[in-house]
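Enquirer: My questions will all concern the structure given below.
Numbering (UniProt numbering), first residue to last: 1 to 372.
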């Protein structure tokens, strides 16, 4: 074993797992030499019997001293002589004390390491990581804590149950998920305590992450403004074609006549910003500008519903809309990646949630049912 450099204690970073493996191997070597009892404390330096001759006693003592020396040599040969461990224990007088000093020194170091690991656990959050990457980071730290606690329990001769550490892992995982998982965490919090299993929680979070990503593909393509050059062109679930305020509307309902919304430029009814005579030179034109880290969607406010209440920022196809009033939406879920939208006056707004709505638009000559 001493010829295998990577098997000596102190050759590299000494974790509790490395120490435990080293101790198991050295114990086997000591048993092979029939000196483990000396190390374990089962065989101590023999006292002299009353009827025992001096020569017989000297032989017994010599045999014990030889066994003790053999054990100490074997242990020290399997410790890197340049390591701090070797420096601290090499002058120990007997094998049993040597074994205990190695163990106690490591356990003492491990207690400090345990504090460091627990402090690290308290700071681990998902942030921008994927669920899988975050769960792996967390599990690695908790596994190290679990191993360290097992060693401490062994040192203090206590039984060890990993139930607490498993629950700690589960609770830490849920608590560290970022804000896009708030609705998912609310559901998990209502589950029975028995359902708080780390692997099951990770699986549920992965499913939630995948569903949210698939929904964001659709939402991420929304809020893209069309080009308005005085020839109003809206294409979506409904369709508007025409010049100025005259034209036709086709959709789930039917509308023909003057535009009844408000212009977001002058705030007067009857025309859209593209046909605004007061600011004709500032005809609204939207486009999608792609930057290094984010996509800012240019959007237009072509009208507002319930004047003085909620503004809607709509795309050119009227397929997706944006509002700050969540009370009118259903099936709300967070977006994995917030969408930045340029709204009125160039103000940048952040869309963090997505939902659906169903309502009725009342026009001058009829009703138009709008689905979600």
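Think of the CB as a built atom: it goes at the ideal place given N, C-alpha and C, for glycine as much as any other residue.
Report buried or exposed for residue 163, applying the criterion of at least 16 other Cβ atoms within 10 angstroms of its Cβ.
Expert: So residue 163 counts as exposed.
Enquirer: Are the beta-carbon atoms of residue 330 and residue 339 separated by less than 8 Å?
Expert: No, the Cβ-Cβ distance between residue 330 and residue 339 is not below 8 Å.
Enquirer: Is residue 53 helix, strand or coil by DSSP?
Expert: coil
Enquirer: Distance, Cα to Cα, residue 143 vs residue 355?
Expert: Straight-line Cα distance between these residues: approximately 40 Å.
Enquirer: Could you have a look at residue 124 and say whether DSSP puts it in helix, strand or coil?
Expert: coil
Enquirer: Is residue 139 closer than 8 Å to residue 176 when the C-beta atoms are compared?
Expert: no
Enquirer: Please work out which residues of its chain come closer than 7 Å, Cβ to Cβ, to residue 70, disregarding the five sequence neighbours upstream and downstream, and give them in chain order.
Expert: Only 33 and 35 meet the Cβ criterion.
Enquirer: Helix, strand or coil, according to DSSP, for residue 374 in the structure here?
Expert: Beyond the ends of the chain as shown, which are 1 and 372, falls residue 374; an answer cannot be given.
Enquirer: Three Cβ pairs or more, each shorter than 8 Å: is that satisfied between the stretch 127–137 and the stretch 198–206?
Expert: In the pairwise beta carbon analysis, the stretch 127–137 is classified as touching the stretch 198–206: at least three pairs are separated by under 8 Å.
Enquirer: Since residue 40 is in the alpha helix (DSSP H), which residue starts that stretch and which ends it?
Expert: 36–40
Enquirer: Does the stretch 36–55 come close enough to the stretch 95–103 that 3 or more CB-CB pairs lie under 8 Å?
Expert: Contact holds between the stretch 95–103 and the stretch 36–55, because three or more Cβ pairs, one in each stretch, are under 8 Å apart.
Enquirer: Mapping DSSP to helix, strand and coil, what is residue 352?
Expert: strand
Enquirer: Looking at the unbroken alpha helix (DSSP H) that takes in residue 79, where does it start and where does it end?
Expert: Unbroken run through residue 79: none, as it is neither H nor E.
Enquirer: Who are the near neighbours of residue 117 in its chain, counting only those whose CB is closer than 8 Å to its CB and skipping five residues on each side?
Expert: 141, 144, 145 and 148
Enquirer: Return the CA-CA distance between residue 28 and residue 75, expressed in angstroms with no decimal places.
Expert: 11 Å
Enquirer: Judging by CA-CA distance, which residue of 84, 64 and 59 is the nearest neighbour of residue 95?
Expert: 64
Enquirer: What do you reckon, are the CB atoms on residue 170 and residue 198 nearer than 8 Å?
Expert: yes
Enquirer: On the criterion of 16 or more Cβ atoms from any shown chain inside 10 Å, does residue 281 qualify as buried, or is it exposed?
Expert: At residue 281, the pLDDT of 45 sits below 50, so the modelled position is not reliable; the number obtained from the coordinates is stated separately. With fewer than 16 other Cβ atoms within 10 Å, it is exposed.
Enquirer: Determine the DSSP secondary structure at residue 105, reduced to helix, strand or coil.
Expert: helix
Enquirer: Where residue 187 and residue 172 are concerned, what is the direct C-alpha to C-alpha distance, given to the nearest angstrom?
Expert: 16 Å
Enquirer: Return the Cβ separation of residue 174 and residue 185 in integer angstroms, given the expectation that the two are a contact with Cβ distance under 8 Å.
Expert: 6 Å
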